[in-house]
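Chains as they are written, first to last, in this note's numbering: chain A, 62 to 449; chain B, 116 to 563.
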């Protein structure tokens, strides 16, 4: 390390890569990424993925009030007066910002959407959704992780743990707010030396330090709620040298009971958080795409405790400055008893991977063979996503 | 890792010295299951009292009375009511007794065993109705049965008020029951599904949606609430009449069906295999050898789920003691407990410690889902998590280094497994505080 300009980040990258790789063709690129060529302008395109863990009830978020069977399926409970989307669909009144974006043609709804998973386990469904495989546990890394790896882009997850979706990438970071700055400048150096023989710790620390060094400084006092994390995500994505992909997640959507009351708190919180994300992205909203998704929908019929049980078809949202919005993208299956899956769930007619695919293509510009490793076997792509 | 290190660090919560177990690590582990140190729950509230405290918090949130002191900080539930203060005080008190036990118990492997089952039968305070019930569930339902038969543990775990409320069975009503016919109320299949998927058989074990629905019907009647004064009761009026067919077996109407079902589930081969897989993954390594899992599953079946016998089988199996399994990354709470055991210090500042464990990714009593805390290294080892552990270690270095020599501490605790790079980093540290920070953030201590 004779060049004094090379930062300790570069040193750490060398540690991270190990001596063997240091002499391979990979090294200069990695050093360049970490050091001098940081000045290279990153892509302007931005992607934010929001995972709602626990299964959002798509029929509560986007009720199909124009469906002939609506009253018989959902009419029994008090449905809050929905905001109109079109003759068939409405939007939960708690999603006022999203409704405005829809009216401004910056948001589309994808309805009756699900992965190909047809059982009703949260955990298997999330595994499949995040891994991007065609069944649970077919893949052990995530679709975003593989896309990042193939494109050498970086991403940040606003969570303590690395979500499965981002696993498999060298340049995926995690971030949560901290009350305490690192005081001792020698501490991290010493830690890096101590971790030299532990590949996973070395890599994680190198990424954390890179994050600390450049773009990722957060306002102190930032909260840990979704709203604060979404704002922070916008800040990270807006930083000139920051990551261009952010991952947010929030749980609590498993509304087996008291669904109406719970969603009337949670949906406005989600709505506010997304509005805050947009605000902190500022002008970069124009080049940002936001995908909001969940592992599956909930039973179309109410259960016995003013809630809904695990179901199948659900809803996803696509928002951003380039979205050809103002539309509900769906091949609507209908809510009549014979149209439903197992007589109880909204039948999915749209594969979530076909929604993810055009986003990955636009964000990472990957060729078809690389796409095959990102979403193996996914062929269909949702049409008419983009305006520009 | 040498056998004494495996016993101390992988199976237990880290001993300050390998000396007392070095001559026979296996016996040191196995003896703990013959006479596990008891948790002293004297003076702790029972489930019914916890239910009342929770109810009072929810009622105070629903009917806010003008606060006598307007300067009180508001919290998420609308204000730090006296009910809320009592909840907080109660939970912190239990947690401090719990941590005292975990940091001081002479049988740490047995304690890890208890904690494994507490996490397996996860109850989380992520709902209003369970705010005070997580710890009572652990000391009332899990601890007394963790070395007994699996079926008894299962029964206690799912019938505790904490679980009935967490997974909604308290509200589930048979549609054709007396109450169900009177009111527009009915089934909630949350507990039924997780009983099959998470508690016994595991996902993809062959049950169908119809089995889930039938199980939900069988479970109706088991409830807790105002009418039962916070105690678990079987209320006939809520119970779905008629026989239920689950996995091909027919169960009668009434409360006796539950024991029949739980016995069948506990004896299902999928249950033995699922429990063995989880145990080996937790105590041995992320991807345990199939032969080990099969052997433990066989013990589970042959002893009819005798958990003490299963523990003895696991901790006397050569494959569990292999020195070359990839180590695991400790969960944050494990990390905190082992640090205190190594330093031989009690947890003095409860609130700060709760914060640190949360900042490292584990919000205590608030596991993210009924699956409990995840158990693979990849679930915990992330850039942010490593940074937070370093920050924590730095703070602990400042707090605790005055009368500790980190070099000596690490030599005593890890002996032959202390790596040269860790020993050198600690030896070269510019202060005692930094030396202890390096020790606590060392790979030796973060992993097990």
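For each residue, glycine too, the CB sits at the ideal point set by N, CA and C.
| query | result |
| --- | --- |
| With DSSP collapsed to three states, give me the class of residue 128 of chain B. | coil |
| Helix or strand or just coil, what does DSSP make of residue 341 of chain A? | helix |
| Using the rule of at least 16 other Cβ atoms within 10 Å of the residue's Cβ for burial, across every protein chain shown, is residue 301 of chain A buried or exposed? | exposed |
| For residue 236 of chain B, which residues from the same chain have a beta carbon less than 6 Å from its beta carbon, with the 5 sequence-adjacent residues on both sides left out? | 272 |
| Is the CB of residue 500 of chain B under 7 Å away from at least one CB in chain A? | yes |
| Going by beta carbon distance, what residues of the same chain come within less than 6 Å of residue 119 of chain B, once the five residues before and after it are set aside? | 133, 136, 137 and 140 |
| Along the region 225-241 of chain A, where does the CB come closer than 7 Å to a CB of chain B? Name the residues. | 228, 234, 235, 236, 237, 239 and 241 |
| With a 10 Å radius around its C-beta and 16 neighbouring C-beta atoms as the bar for buried, classify residue 240 of chain A as buried or exposed. | exposed |
| Is the region 428-446 of chain B touching the region 460-469 of chain B, taking contact as three or more C-beta pairs under 8 Å? | no |
| Give a yes or no on whether the C-beta atoms belonging to residue 284 of chain B and residue 334 of chain B are separated by under 7 Å. | yes |
| Enumerate, from N- to C-terminal direction, the unbroken alpha helix (DSSP H) stretches of 4 or more residues contained entirely within the region 319-389 of chain B. | 324-334 and 371-382 |
| My output table needs one value for residue 307 of chain A: the three-state DSSP class, helix, strand or coil. | strand |
| Does the Cβ of residue 198 of chain A have 16 or more other Cβ atoms within 10 Å, making it buried, or fewer, making it exposed? | exposed |
| Which whole-angstrom value describes the C-beta separation of residue 382 of chain A and residue 167 of chain A, a residue pair presumed to lie in contact below a C-beta threshold of 8 Å? | 7 Å |
| Within 10 angstroms of the Cβ of residue 465 of chain B, are there 16 or more other Cβ atoms? Answer buried if so, exposed if not. | exposed |
| Short of 7 Å in beta carbon distance, which residues of its chain neighbour residue 443 of chain B, apart from the five on each side in sequence? Order them along the chain. | 400, 401, 492, 562 and 563 |
| Please list the terminal residues of the continuous alpha helix (DSSP H) segment that includes residue 269 of chain B. | 265-274 |
| Determine, for residue 487 of chain B, whether the minimum Cβ-Cβ distance to residues of chain A falls below 7 Å. | no |
| Less than 7 Å between CB atoms is the rule here; does residue 556 of chain B satisfy it with respect to chain A? | yes |
| According to DSSP, is residue 284 of chain A helix, strand or coil? | coil |
| Go ahead and pull the three-state DSSP assignment for residue 302 of chain A. | coil |
| Looking at C-alpha atoms only, which residue of B/344, B/336 and B/362 is the closest neighbour of residue 370 of chain B? | B/336 |
| Do the region 245-255 of chain B and the region 299-316 of chain B make contact, defined as three or more Cβ pairs closer than 8 Å? | no |
| In chain order, what residues of the region 119-150 of chain B put their CB closer than 8 Å to some CB of chain A? | none |
| Under 9 Å Cβ-Cβ, which residues of chain B neighbour residue 193 of chain A? | Here the premise fails: no neighbours, minimum Cβ distance about 16 Å. |
| Taking 7 Å as the CB-CB limit, is residue 357 of chain A close to chain B? | no |
| Taking Cβ positions only, does residue 540 of chain B come closer than 7 Å to chain A? | yes |
| Counting only the same chain and skipping the five closest in sequence on each side, list residues whose C-beta sits under 7 Å from that of residue 171 of chain B. | 198 |
| Do you know how far the Cα of residue 532 of chain B is from the Cα of residue 447 of chain B? | 22 Å |
| Using a C-beta to C-beta distance shorter than 9 Å, which residues of chain A count as neighbours of residue 553 of chain B? | 248, 251, 252 and 255 |
| Could you check whether the region 184-194 of chain A touches the region 342-359 of chain A, counting it as contact only if at least three pairs of C-beta atoms, one from each stretch, sit closer than 8 Å? | yes |
| If you check the beta carbons only, do residue 269 of chain A and residue 144 of chain B fall under 7 Å apart? | no |
| Between the Cα of residue 355 of chain B and the Cα atoms of B/330, B/398, B/554 and B/340, which residue gives the shortest distance? | B/330 |
| State the beta-bridge partners of residue 175 of chain A as determined by DSSP. | A/412 |
| So, at 6 Å on beta carbons, what are the nonlocal neighbours of residue 69 of chain A in its own chain, with the 5 sequence-adjacent residues on each side left out? | Unreliable positioning characterises residue 69 of chain A in this predicted model, as indicated by a pLDDT of 45, which lies under 50. The coordinate reading is nonetheless provided below. No residues qualify anywhere along the chain. |
| Answer with yes or no whether the minimum CB distance from residue 176 of chain A to chain B is below 7 Å. | no |
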